[in-house]
Amino acid sequence: MNNEATKSELRDSLVEYPCDFPLKVFGQQQAGFAQAVLEVVNKHDPGFLAASMEMRASKNARYVSLTCTIRATSREQLDAVYQELCDHPMVVMVL
């Protein structure tokens, strides 16, 4: 087994699937932000409930963070949802 394969297996083994996995999505306070995030998250986790989304405004209310706890079923699913959220024009950062 080569060193890259070992690193990949170790990285994948840090999370046991399926599991509940929180995603924190940051963006500017603007109309449609929560709906846009919800659409992306639902695409990757159709069972995600909008009512479970937690929203917090920044001190000056210029930015908002949304916490979406999805049911993660694989590393590929997590990578895909992270990538799509990061690529979205309304999203500033995803943790």
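According to our numbering, the sequence shown is numbered sequentially starting from 68. Beta carbons are placed, not taken as given, at the ideal position from N, Cα and C, and that holds for glycine. All values reported here derive from a predicted model rather than from experimental measurement.
| query | result |
| --- | --- |
| Do Y149 and L105 come within 9 Å of each other at the CB atom, strictly closer than that value? | no |
| Who are the Cβ neighbours of F100 in its own chain at under 7 Å, not counting the five residues just before and after it? | G94, V131, M157 |
| How far does the beta strand (DSSP E) with Y130 in it reach, from first residue to last? | 130-139 |
| Within the continuous alpha helix (DSSP H) that includes A103, where are the two ends? | 100-111 |
| If I'm right that I137 touches D112 with Cβ under 8 Å, what's the distance once you round it to whole angstroms? | 4 Å |
| Apply the 10 Å Cβ neighbour rule to C86 and answer buried if 16 or more other Cβ atoms are within range, or exposed otherwise. | exposed |
| Does DSSP put V158 in a helix, in a strand, or in coil? | strand |
| Quick one: grab the DSSP three-state call for L152. | helix |
| What whole-angstrom Cβ distance do L133 and V159 have, given they're in contact under 8 Å? | Not a contact, Cβ separation roughly 11 Å. |
| Assuming F115 and V108 are in contact, meaning their beta carbons sit under 8 Å apart, how far apart are those beta carbons, in whole angstroms? | 5 Å |
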